[in-house]
Amino acid sequence: MALPENIVLPRHIGIIMDGNGRWAKKRLLPRTAGHVQGAKAFRKCLRHCIDLGIECVTFFAFSTENFKRPPEEVNAIMKLFSDYLDEGLDMSEDDVVMRFVGDLSRFSGELREKMLRMQSETAGNHGTVCCLAVNYGGRDDILHAAKQLISEGADPDTLTEDDISEHLYTAGLPDVDLVIRPSGEQRISNFLIWQSAYAEYVFMDVLWPDFSENDLDLALTEYAKRNRRFGGL
Ligand code: IPE
Ligand code: IPE
Ligand code: MG
């Protein structure tokens, strides 16, 4: 499907890349195979966001809670991150600004350095901002911001919501307008809870590795139909 010319697009899209394990299970493959396929779906989806001129997209790749999974699975996901960082951005992505949002301190020094390198190498680009949420938890994000504000001696009498926003991992980015969750689950799982306070939510039955350009277009079409009131009339 082609999107109408003048469709209202979200400035910031959040995508919970869920369903890799079930995709693999359906095919009698190890869960890791689902993550490999999920990484391909990520690249395809990012490219489509770039083509549509989306300002910012945050992909939930690994939650603070995902460390509860068996070490083999966690290690396989870390390896995929590392491979992705080694491959680097391709031609169609060469104007993307990459950001890694989350508590990077739990990653190996090598992985962290690769993430920070990609971040600084793309910081001067002017295209779509692509955030990868890794070891990310919405509650951890808010706690981390609170700790920073306290350590900076923030004054409780003058503290504003903007002060908190500017201390989150997503500082400087617009609030999330649309959250897409594939895989059939209808929950937020601790994703961008502050930033998505007034987002529209689209839950889809497709498993993340099968998520296509058409699925993104469907979610964007649904978003464009919503009447956002922000508490007003
Ligand atoms: C999402 O897919 C990837 C991560 C959470 C790292 P899952 O691995 O959660 O897949 P399901 O939900 O088990 O199908
Ligand atoms: C959310 O998926 C995290 C990511 C997609 C990275 P989960 O599979 O971890 O979420 P739950 O456990 O179903 O809530
Ligand atoms: Mg899951």
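To convert, note that position 3 of the sequence shown is 97 in the working numbering; the numbers rise steadily by one, no gaps. For every residue, glycine included, the Cβ atom is placed at its ideal position computed from N, Cα and C.
Would residue i pass as an interface residue toward chain C - the criterion being a Cβ-Cβ separation below 7 Å?
| i | result |
| --- | --- |
| A240 | The question asks about chain C, but that chain is absent: this structure has only one protein chain. |
Which class does residue i belong to by DSSP, given the choice of helix, strand or coil?
| i | result |
| --- | --- |
| R322 | coil |
| F156 | coil |
| F305 | coil |
| I171 | helix |
| R125 | helix |
| E99 | coil |
| I144 | helix |
| V130 | helix |
| E294 | strand |
| R275 | strand |
| S108 | Note that residue 108 is Gly in the sequence shown, not Ser. Strand, per DSSP. |
Please tell me whether, using a cut-off of 6 Å, the distance from the CB of residue i to the nearest non-hydrogen atom of ligand 3 is below it.
| i | result |
| --- | --- |
| D385 | Lying outside 95 to 327, the shown extent of the chain, residue 385 is not represented and no answer is given. |
| D112 | yes |
I'd like to confirm something about residue i: is its beta-carbon nearer than 6 Å to some heavy atom of ligand 1, or not?
| i | result |
| --- | --- |
| R116 | yes |
| F156 | yes |
| N160 | yes |
Is any non-hydrogen atom of ligand 2 found closer than 6 Å to the C-beta of residue i, if you look at the structure I gave you?
| i | result |
| --- | --- |
| S283 | yes |
| E279 | yes |
Continuous alpha helix (DSSP H) assignments of at least 4 residues falling wholly in the segment 192-273:
203-216, 232-245 and 255-259
Stretch pair the segment 122-136 + the segment 243-256: three plus CB contacts closer than 8 Å:
no
contact_flag[the segment 203-219, the segment 253-263] where n(CB pairs < 8 Å) is 3 or more
Because the criterion of three Cβ pairs below 8 Å is not met, the segment 203-219 and the segment 253-263 do not touch.
For the segment 282-292 against the segment 310-317, are there 3 or more C-beta pairs whose distance is under 8 Å?
no
Do the segment 153-161 and the segment 281-288 meet, that is, are 3 or more Cβ pairs less than 8 Å apart?
yes
Any contact between the segment 224-236 and the segment 269-276? By contact I mean 3 or more CB pairs, one from each, below 8 Å.
no
Is there contact between the segment 190-197 and the segment 209-220, where contact requires at least three CB pairs shorter than 8 Å?
At 8 Å Cβ cutoff, the stretches touch.
For the segment 299-309 against the segment 175-187, are there 3 or more C-beta pairs whose distance is under 8 Å?
The segment 299-309, when compared against the segment 175-187, does not touch it at the 8 Å Cβ threshold.
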